[in-house]
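K.L.:
Per full-length UniProt numbering, residue 1 is the first one in the sequence shown, and the count goes up by one each step.
Ideal Cβ positions, reconstructed from N, Cα and C, are used throughout, including at glycine.
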Amino acid sequence: MKNDYTYRILGTLNGLAIGDAFGTPAVHYSPREIPEMYGEKITNFITPIRRSGKGKSKWEKYEVTDDTIQTLILANSLIKFNGFSREGFGNELLKIEERYCKPGTGCGRFRVKANPNNIAEGGEGNGSSMRIAPIGICCSVHEVDKLVRLAVDSSTLTHNTMGALGGSVAIASAVSAAIEGYTINEIIEFSLNTLRKFETRYSSKYSCSILKEIKFAIDIGPEKYVEHLILNKYKTDEGEWGFIALESVACVFSLLSLNLSFKESAIKSVNLGGDSDSTTSMLCAILGAINFEDIPHDWLRNVGQKNNLDFKELAINLNNLRVHGLKDDN
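Structure, rendered in structure tokens:
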């Protein structure tokens, strides 16, 4: 089992959930504020403290958040409809609990409209990128056109900007390549090539280039990239970087390019703060697919037990969709 797609899909799903839960304590913090609040850098799971003394966090230690829940809704909808149904996924997403679909976000606006065929107006956030992994799981690297189309179609329910859509395409591409067994350098190359095709197709409609942002973040490294964002965009609120897909997805690829272990990568990601649960979740979904065995066993056990997670059957079903070809509305 360790050499087949199912095993790598298990790594993706578990990595995503672990990254989500691990990243939660640093959300809305700047890199500078994290050791000030927690006494040191975050190196293991801790109980989240809301920034600026705003009271108890709504998330507990080891608990997953909207990143994981929305991902599972998409994954289960693919199985329920034996492929991708935009309306079907929309109906499933409308059933989500409010704590996993915050007001003011793309998902929150979608929930208010209550239209399973909604076409979002705008939406720069990373909500579609954070849940996109199942599209990458079920589309092989030989189905680039389908991967791009489904990444866009599933995203536009809640997000409809070049940055958000490109972020979804980039993460789905990376997950697909990781499950195929590509190396990190090959994953990055495949993802960038897929983004070029995406931007060529959609450049007349949108003006933002996430491809350029990812290359920039890789070139200067994740810490300097976050410093750049804070200096140029977030001087008055340093912990607000990364909630935009353009930023968090670029940071994911910058972190990925360092070729660190799963644990080292997660630690480096969470201590950058910002939207740390989403950034770390996306990163760890890719890393989990690359090497499931590299995930710390106690992290796997504790997050699984806290959230009652067992992805074995889901991974088998998603693998069947990948192997037999994911059907869709087109």
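Locate the alpha helix (DSSP H) running through Phe262, then write down its first and last residues.
P.N.:
In the DSSP assignment, Phe262 falls within the alpha helix (DSSP H) that extends over 262 to 270.
K.L.:
What is the DSSP secondary structure of Asp20, counted as helix, strand or coil?
P.N.:
Here Asp20 sits in helix by DSSP.
K.L.:
Tell me, which residues are paired with Asp328 by DSSP?
P.N.:
Phe84
K.L.:
Less than 8 Å between the CB atoms is what I'm expecting for Ile135 and Leu150, so what's the real figure, rounded?
P.N.:
5 Å
K.L.:
Count the other C-beta atoms from every protein chain shown that fall within 10 angstroms of the C-beta of Gln70, then say buried if there are 16 or more, exposed otherwise.
P.N.:
buried
K.L.:
Please determine, among Ile316, Asp328, Ser154, the residue with the shortest C-alpha to C-alpha distance to Arg8.
P.N.:
Ile316
K.L.:
Are Asp275 and Ser257 closer than 8 Å when you measure CB to CB?
P.N.:
no
K.L.:
Just the Cα atoms here: how many angstroms apart are Ile49 and Ile244?
P.N.:
23 Å
K.L.:
Going by DSSP in three states, Asn118 sits in which element: helix, strand or coil?
P.N.:
coil
K.L.:
For the stretch 254 to 268 and the stretch 172 to 185, state whether three or more C-beta atom pairs, one from each stretch, are separated by less than 8 Å.
P.N.:
Judged by Cβ distances under 8 Å, the stretch 254 to 268 makes contact with the stretch 172 to 185, as three or more pairs qualify.
K.L.:
Which of the three DSSP states is assigned to Gly123 in this structure?
P.N.:
coil
K.L.:
Could you check the C-alpha separation between Pro31 and His228 for me, to the nearest Å?
P.N.:
The straight-line gap from Cα to Cα measures roughly 13 Å.
K.L.:
Relative to the C-alpha of Gly163, which candidate in Val148, Trp241, Asn126 has its C-alpha closest?
P.N.:
Asn126
K.L.:
Of all the options Asn319, Asp328, Lys327, Asn330, which has the alpha carbon lying nearest to the alpha carbon of Asp4?
P.N.:
Asn319
K.L.:
Report back the beta-carbon spacing between Met282 and Ser57 to the nearest angstrom; my notes put them in contact at under 8 Å.
P.N.:
Wrong, their Cβ atoms sit about 21 Å apart, outside the cutoff.
K.L.:
Under the rule that 16 or more other beta-carbon atoms within 10 Å means buried, what is Asp277, buried or exposed?
P.N.:
buried
K.L.:
Less than 8 Å between the CB atoms is what I'm expecting for Ile21 and Asn271, so what's the real figure, rounded?
P.N.:
Going by the sequence as given, residue 21 is Ala instead of Ile. That belief does not hold up - the Cβ atoms of Ala21 and Asn271 are roughly 16 Å apart, past 8 Å.
K.L.:
Can you name, in chain order, every residue of its own chain whose Cβ lies under 8 Å from the Cβ of Asn232, other than the five neighbours on each side?
P.N.:
none
K.L.:
Can you tell me which of the three DSSP states Lys224 falls into?
P.N.:
helix
K.L.:
From Leu197 to Asp145, what distance separates their C-alpha atoms?
P.N.:
The sequence as given places Lys at residue 197; Leu does not occur at that position. Rounded to whole angstroms, Lys197 to Asp145 spans 9 Å at the Cα level.
K.L.:
Just to confirm before moving on: does the CB-CB distance between Gly88 and Lys80 stay below 8 Å?
P.N.:
Gly88 is a Cβ neighbour of Lys80, given a cutoff of 8 Å.
K.L.:
Quick one: using the 10 Å Cβ neighbour count with 16 as the cut-off for buried, is Thr68 buried or exposed?
P.N.:
So Thr68 ends up on the buried side.
K.L.:
Measure the beta-carbon distance from Ala289 to Gly11 and round it to whole angstroms, keeping in mind my assumption that it falls under 8 Å.
P.N.:
The pair is a contact, with the Cβ atoms about 5 Å apart (cut-off 8 Å).
K.L.:
With hydrogens ignored, establish whether the beta-carbon of Ala26 is closer than 7 Å to any heavy atom of the ligand FAD.
P.N.:
Looking for the ligand FAD in the displayed structure turns up nothing, as the structure carries no ligands at all.
K.L.:
Could you tell me the alpha carbon to alpha carbon distance between Asp237 and His28, rounded to whole angstroms?
P.N.:
9 Å
K.L.:
Below 8 Å CB to CB, which residues in the same chain sit around Thr47 once its five sequence neighbours on both sides are set aside?
P.N.:
Pro25, Ser57, Glu60, Lys61
K.L.:
On the criterion of 16 or more Cβ atoms from any shown chain inside 10 Å, does Ser52 qualify as buried, or is it exposed?
P.N.:
Exposed: under 16 other Cβ atoms inside 10 Å.
K.L.:
Could you check whether Leu300 and Asn14 sit closer than 8 Å to each other, using their CB atoms as the reference points?
P.N.:
yes
K.L.:
By Cβ distance below 6 Å, which residues in the same chain neighbour Arg111 in space, the five residues on each side in sequence not counted?
P.N.:
Cys101
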